[in-house]
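Please read the structure below before turning to the comments.
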Amino acid sequence: ILKFLFDHEANINEANNYGNTPLFYACNSGNAALIKYLVKLGAKINKENKNGKTPLFNACCNGNKATVKYLVELGADINKEDSNGETPI
Numbered sequence: 012i013l014k015f016l017f018d019h020e021a022n023i024n025e026a027n028n029y030g031n032t033p034l035f036y037a038c039n040s041g042n043a044a045l046i047k048y049l050v051k052l053g054a055k056i057n058k059e060n061k062n063g064k065t066p067l068f069n070a071c072c073n074g075n076k077a078t079v080k081y082l083v084e085l086g087a088d089i090n091k092e093d094s095n096g097e098t099p100i
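Everything in the sequence shown is counted per my numbering, starting at 12 for the first residue and increasing by one.
So, in structure tokens, the structure goes:
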């Protein structure tokens with residue numbers, strides 16, 4: 012389904028009312044194949060939601076070590092502070 016949507020120009024970085032993009036939800040689940048696919052399609056790894064969090068926060072909060080490692084290797088900002096002044100790591 013995702014391939015069909017993105018083949019028909021769906022916005023990979025479209026956010027919901029909370030500012031979360033598909034990458035945020037993929038990082039919640041720790042689905043490595045999906046995360047890599049979204050990044051390959053242009054998902055922004057440092058995009059903030061309305062609370063100032065990035066997908067890295069989701070990966071860290073859910074204990075997805077492989078996802079955290081992958082995002083950091085791609086350049087995810089480990090020092091990014093959310094609206095509460097907290098960092099993901």
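Don't be surprised by glycine CBs; every beta carbon is placed ideally from N, CA and C.
Item, Value
"Residue from 98, 55, 39 and 24 whose Cα sits closest to the Cα of residue 85", "55"
"Straight-line Cα distance separating residue 18 from residue 35", "21 angstroms"
"Beta-carbon contacts of residue 32 that lie in its chain and below 7 angstroms, excluding the five residues immediately before and after", "24, 25, 26, 54 and 58"
"Residue 85 - containing alpha helix (DSSP H), residue span", "Neither: residue 85 is in no alpha helix (DSSP H) and is coded neither H nor E."
"CB of residue 79 within 8 angstroms of CB of residue 72, strictly", "no"
"Any non-hydrogen atom of the ligand NAD closer than 7 angstroms to residue 82 Cβ", "For the ligand NAD, the structure offers nothing, since it holds no ligand at all."
"Other residues of its chain near residue 83: CB distance less than 8 angstroms, five sequence neighbours each side excluded", "67 and 89"
"Alpha-carbon spacing of residue 48 relative to residue 77, whole angstroms", "15 angstroms"
"Alpha-carbon to alpha-carbon, residue 61 and residue 98", "15 angstroms"
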